[in-house]
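Engineer:
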Amino acid sequence: MENPRASSRAPASDVDRLAAEMTEKFRSVLSTKRMNDLSTNVSHSRSASPAPRDFGTPQPPTTQPPSYSSLKNIPLVAQAPNPSDLRSMRFRNMLHSLSAMPTRWENPGLLDEALRVVPLEQIYNEADEESQILQAEADSLGAGKKAAWGYQDCVVRALLRWFKRSFFQWVNNPPCSRCYSPTVAVGLTTPLPDEQARGASQVEAYKCSHEGCQNYERFPRYNDAFVLLQTRKGRCGEWANCFSMLCRAVGSRVRWVWNAEDHVWTEVYSVHRKRWVHVDACEEAWDKPRLYTDGWGKKLSYCIAFSADGAMDVTRRYVRDQNKHAAPRNRAPEAVLLHIMDEIRSVRRKDMSKQDKFRLNGEDLRESKELRGYVISSIANDIIRLKPQDIISGMPPQESDKALEGRMSGNQAWIRSRNEQGRGQSNQQDPRNQHPH
């Protein structure tokens with residue numbers, strides 16, 4: 001009678017034999033690689049040595065590209081700009097100059113003075129109400145659920161509504177102060193001593209369009225947030241400057257975000273969400289980082305966020321689809337930009353305690369992970385939307401037909417001149433922006 005144990009061991013012996021053969025092949029390949037590496041090293045160390053011999057299988061064709069691992073996933077290392085690279089040096093100097101903007105909002109006395117123009121009781125009442133509503137919504141979803149936004153976030157949201165609807169005015173062309181007729185831009189003029197003393201970087205000149213008037217109007221472009229508390233008017237730059245300062249005054253950590261395509265906005269740090277939140281006072285927009293690309297239809301190259309604590313390249317937060325919305329980044333190599341960001345952080349943090357530096361470094365790492373996640377999410381969404389016929393035909397996935405939100409601040413002519421009207425949509429304009437202010 002056949003022993004059942006013997007028959008059960010037969011397949012195992014085949015597996016053992018196969019494993020032994022695979023092991024021997026692996027050892028042979030590994031030995032060959034070691035011999036080739038050794039021969040190569042010897043040839044480099046002795047100039048008179050013959051060419052390295054191949055001790056194993058034939059080498060792959062020389063036309064074959066390098067291995068994937070040799071090209072991908074190489075960490076970007078910060079590199080100082082070459083002094084002879086004038087373009088990179090100009091970019092570096094400009095970013096260092098821009099980085100000083102948030103430091104102007106750190107004077108406690110001036111911030112206290114700024115709060116005098118803010119209806120704090122109204123702001124905090126609205127924040128209390130919204131915070132309670134958000135918490136009630138979270139509680140209704142079950143125990144342990146977290147509210148969408150924290151109390152301080154609600155304070156900034158209330159400040160945003162008041163700033164946009166009641167406090168600041170948008171300027172297209174200033175009206176004639178004599179007859180209140182529309183004016184026409186005629187160019188730039190030299191700041192007067194008083195305008196210069198108040199920080200006017202430049203002054204725009206306008207001429208009254210009424211034939212019987214022909215009066216000239218001046219529009220100084222002030223760069224001092226505390227002067228803007230008095231004038232209470234301007235365009236993107238003035239809005240972001242003044243609003244960011246008020247966010248700082250109510251106790252939020254704030255960033256001023258510069259975009260190379262001629263726009264600026266604000267980011268505030270949400271302790272509740274442990275991340276930076278996009279805020280655009282011109283548009284009364286809260287946490288809508290895709291507004292400029294998906295909404296206005298713009299292509300963006302650089303979005304750099306500056307704070308009193310440092311700087312961060314946050315372009316990936318605002319450009320999710322590199323193929324559709326990324327503009328060329330050619331002002332400096334990426335390694336040089338990384339070095340510039342490190343430089344600015346070092347300057348801003350040099351006098352901080354070790355604990356503060358450690359905390360900020362942790363925030364930087366967490367934000368870098370967040371920004372990488374946007375890239376991964378974008379790729380994953382493209383893959384999900386792919387259809388078999390798209391793969392066969394090589395066509396990209398079709399876009400959804402959702403309405404895009406074009407720009408609301410500024411009149412239609414100005415928006416069209418900047419190509420920020422969105423795609424195929426008539427904007428819901430703020431009526432105050434349709435007449436000169």
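In the UniProt record's numbering, the protein residues as written are 1 to 437. The beta carbon of each residue, even a glycine, is placed where N, CA and C say it ideally should be.
State buried or exposed for P289, treating a residue as buried only when at least 16 other CB atoms are found within 10 Å of its CB.
Structural biologist: buried
Engineer: P119 and S244 - do their beta-carbons sit closer together than 9 angstroms?
Structural biologist: No; because the gap between Cβ atoms is not below 9 angstroms, this pair is not in contact.
Engineer: Taking just the CA atoms, how far does L141 sit from R232?
Structural biologist: The alpha-carbon atoms of R232 and L141 are separated by roughly 42 angstroms.
Engineer: Can you determine whether any heavy atom of the ligand SAH sits closer than 8 angstroms to the C-beta of R92, and answer yes or no?
Structural biologist: Absence of the ligand SAH from the depicted structure is noted, as is the absence of any ligand whatsoever, leaving it without description.
Engineer: Would the segment 297–309 count as touching the segment 89–107 if we require 3 or more Cβ pairs under 8 angstroms?
Structural biologist: Contact between the segment 297–309 and the segment 89–107 is present, because at least three Cβ pairs lie under 8 angstroms.
Engineer: Mind checking who M312 pairs with in its DSSP beta bridge?
Structural biologist: A305
Engineer: Contact defined as beta carbons within less than 8 angstroms: I believe R331 pairs with F91. What is the distance between those atoms, to the nearest angstrom?
Structural biologist: 4 angstroms
Engineer: Just to check my reading of the structure: R161 and E284 have Cβ atoms closer than 8 angstroms, yes? What is that Cβ distance to the nearest angstrom?
Structural biologist: 7 angstroms
Engineer: Expressed to the nearest angstrom, what Euclidean distance is found between the alpha-carbon atoms of R372 and R345?
Structural biologist: 20 angstroms
Engineer: So for K146, helix, strand or coil by DSSP?
Structural biologist: coil
Engineer: Give the C-beta separation of M341 and A311 to the nearest angstrom, bearing in mind that I take them to be a contact with Cβ-Cβ under 8 angstroms.
Structural biologist: Contact flag correct, Cβ pair sits at about 5 angstroms.
Engineer: When you compare only the Cα positions, how much space is there between A136 and S270?
Structural biologist: 20 angstroms
Engineer: Please state the DSSP three-state secondary structure of G199.
Structural biologist: coil
Engineer: Can you say whether S252 is buried or exposed, counting buried as having 16 or more other CB atoms within 10 angstroms of its CB?
Structural biologist: With 16 or more other Cβ atoms within 10 Å, it is buried.
Engineer: From the DSSP output, read off the bridge partner residues of N259.
Structural biologist: H263 and C303
Engineer: Can you list, in chain order, the residues of its chain whose CB lies under 8 angstroms from that of K145, leaving out five sequence neighbours each side?
Structural biologist: A138 and D139
Engineer: In the DSSP output, what is V254 paired with across the bridge?
Structural biologist: V268
Engineer: Measuring alpha carbon to alpha carbon, tell me which residue in E217, A260 and N215 is nearest L95.
Structural biologist: Closest by alpha carbon: A260.
Engineer: Check Y318 in the structure and name its three-state DSSP category.
Structural biologist: helix
Engineer: So, helix, strand or coil for H210, using DSSP?
Structural biologist: coil
Engineer: Under a Cβ-count criterion, where at least 16 other Cβ atoms within 10 Å of its own Cβ denotes burial, should L188 be classed as buried or exposed?
Structural biologist: So L188 counts as exposed.
Engineer: Per DSSP, what kind of secondary structure is A100 in: helix, strand or coil?
Structural biologist: A100: coil per DSSP, three-state reduction.
Engineer: Taking all protein chains shown into account, do 16 or more other C-beta atoms lie within 10 angstroms of the C-beta of Q132, making it buried, or fewer, making it exposed?
Structural biologist: exposed
Engineer: Would you kindly check if the distance between the Cβ of V117 and the Cβ of F167 is under 9 angstroms?
Structural biologist: yes
Engineer: Let me confirm a value: D153 is counted as buried when at least 16 other C-beta atoms fall within 10 Å, else exposed. Which label applies?
Structural biologist: buried
Engineer: Applying the criterion that 16 or more other CB atoms from any shown protein chain within 10 Å of the CB defines a buried residue, is Y180 buried or exposed?
Structural biologist: exposed
Engineer: Which word fits D313, buried or exposed, when buried means at least 16 other C-beta atoms lie within 10 angstroms of its C-beta?
Structural biologist: buried
Engineer: Span of the alpha helix (DSSP H) holding T190?
Structural biologist: Looking at the DSSP string, T190 is not in any alpha helix (DSSP H), and its letter there is neither H nor E.
Engineer: Tell me the rounded alpha-carbon separation between residue 442 and R198.
Structural biologist: Because the chain in this structure spans residues 1 to 437, residue 442 falls outside the shown range and cannot be described.
Engineer: Straight-line CA distance for R104 to E211?
Structural biologist: Their Cα atoms are separated by approximately 44 angstroms.
Engineer: Just the C-alpha distance for L134 and W149, rounded to the nearest angstrom, thanks.
Structural biologist: 7 angstroms
Engineer: Check whether the Cβ atoms of R320 and S368 sit closer than 9 angstroms, and answer yes or no.
Structural biologist: no
Engineer: So what does DSSP say about F219, is it helix, strand or coil?
Structural biologist: strand
Engineer: What do you get for A20, buried or exposed, if any count of 16 or more other CB atoms within 10 angstroms of its CB means buried?
Structural biologist: exposed
Engineer: Out of H325, T266, V277 and H272, which has the shortest C-alpha to C-alpha gap to G295?
Structural biologist: H325
Engineer: If you reduce the DSSP assignment to three classes, tell me which class residue 438 lands in.
Structural biologist: Given a span of 1 to 437 for the chain in the structure shown, any question on residue 438 remains unanswerable.
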